[in-house]
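Here's the structure, in structure tokens; my notes come after.
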Amino acid sequence: MTRRQGIKVGDIMLYAEILGNLPKMARDEVMAMLELAGGRIAGQDYLFLKLDADGKAFPYLDRLGLSHEYGELILEADSVEELLRKAGEVEWPVKGTFKVDTETMFNCRHDVRDLPRKLGAVIGAQGFRVNLSKPDTLIRVYCGEGLYAGVRLRSFNPKEFEGRKAHYRPFFRPISLHPRISRALVNLTKARTEVLDPFMGAGGILMEAGLLGLKVYGVDIRPEMVEGAEMNLRHYGIRNYHLRLGDATKLEELFPGKRFEAIATDPPYGTSATLAGRERDDLYRKALESMYSVLREGGRLAMAFPANFDGEAEAGRIGFRLVGKYYQRVHKSLDRYFYVFKR
Ligand SMILES: C[S@@+](CC[C@H](N)C(=O)[O-])C[C@H]1O[C@@H](n2cnc3c(N)ncnc32)[C@H](O)[C@@H]1O
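Residues 9 to 351 (our numbering) make up the sequence shown, in order.
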């Protein structure tokens with residue numbers, strides 16, 4: 009992390025390591041952030057992404073929800089021998105002491121057992137000192153089809169996300185998405201300034217958006233949710249919010265003349281009283297129409313639907329274009345898709 013300040017902005021390649029449980033969604037989240045930063049994904053080897061982006065992407069990569077870490081990519085190789093040879097030819101951007109760590113991915117096809125020691129010796133020969141317990145610079149080697157060595161710039165502490173899970177919030181409702189997923193939904197909308205959640209519940213999605221510095225707008229049909237969401241937002245230091253008691257199928261009335269940059273939401277699935285007496289599919293259709301009418305041209309909507317509702321067809325009928333669709337099995341009786349649509 010300390011290295012980031014000194015890093016050159018041009019002439020570098022980056023990498024990201026995504027989480028394994030929703031890999032397509034995680035990859036597309038990285039892609040969305042790079043689109044905002046003016047970069048692109050240049051290659052993928054299982055959970056390792058090679059990024060054609062430079063230091064301008066850091067503030068966007070810092071937003072990621074479904075990644076383990078990102079860093080500067082130093083070299084790629086097709087064999088351990090090639091990796092060690094190339095490692096002797098590059099200048100390693102080590103600050104202070106270092107340590108080599110290998111990440112043996114599921115598809116790793118190289119023998120990397122002794123690699124930390126061998127690569128450590130090559131880098132050590134450039135005058136850097138190893139510190140295994142508290143290194144200043146962490147060199148990461150990923151083994152998949154190929155081999156990739158880089159310098160970690162930021163790792164996302166899972167405890168930070170875990171600490172915002174539903175039962176740690178002052179206003180607790182067990183209906184919330186995992187904070188990492190909420191974060192990813194916000195990012196998949198490519199929001200730069202604001203996000204609306206018309207079924208905000210306890211405000212989990214808005215919390216993640218607010219922590220990114222976005223202005224958040226929320227709606228819920230139940231007064232206790234509006235109060236609770238506000239309590240949660242304030243608890244996490246978020247002040248730039250606008251919450252309304254109201255109906256997600258009547259957004260034009262709630263926000264007259266307003267066109268939102270982005271919408272991210274998780275509607276009720278009809279498994280409890282959260283449908284507020286409405287027929288589920290009818291609620292979804294009317295909410296989609298209402299969201300379409302308050303979303304700016306080109307704006308994105310990221311949302312979940314249970315798998316037995318054809319979100320793609322229903323949103324398409326209204327005029328939304330599908331950008332991404334990701335399957336998740338939640339438990340025995342609930343599976344869902346996350347969708348990203350563009351208006
Ligand atoms: C699944 S929860 C949302 C959870 C939220 N995304 C979170 O992470 O905390 C759905 C919410 O939609 C609200 N709701 C149900 N029908 C609604 C409607 N017609 N308009 C607005 N909100 C509604 C429910 O009161 C409930 O709080």
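Virtual Cβ for every residue (Gly too), placed ideally from N, Cα, C.
| Check | Outcome |
| --- | --- |
| May I ask you to report which of helix, strand or coil DSSP gives Lys126? | helix |
| Where does His243 sit, in a helix, a strand or coil, going by DSSP? | helix |
| For the alpha helix (DSSP H) that Asp36 lies in, which residues bound it at each end? | Pro31 to Ala45 |
| Does the count of Cβ pairs from the stretch 177 to 190 and the stretch 147 to 162 closer than 8 angstroms reach three? | no |
| So, are the CB atoms of Leu262 and Ala157 less than 8 angstroms apart? | no |
| Hey, quick one: how far does the alpha helix (DSSP H) through Glu322 stretch, first residue to last? | Gly319 to Ile326 |
| According to the neighbour-count rule (16 or more other Cβ atoms, all chains shown, within 10 Å of its Cβ), is Ser87 buried or exposed? | exposed |
| For Val224, which beta-bridge partners are listed by DSSP? | Val203 and Tyr249 |
| From Arg354 to Ile271, what does the alpha carbon distance come to, in whole angstroms? | The chain is shown from 9 up to 351; residue 354 falls before or after that span and cannot be answered. |
| So, are the CB atoms of Leu241 and Glu37 less than 8 angstroms apart? | no |
| Can Ser341 be considered in contact with ligand 1, in the sense that its beta carbon sits closer than 7 angstroms to one or more heavy atoms? | no |
| Reducing DSSP to helix, strand and coil, say where Ala256 ends up. | coil |
| Based on the DSSP output, what are the partners of Ile271 in its beta bridges? | Leu204 and Leu309 |
| CA-CA distance, Val302 and Gly212? | 21 angstroms |
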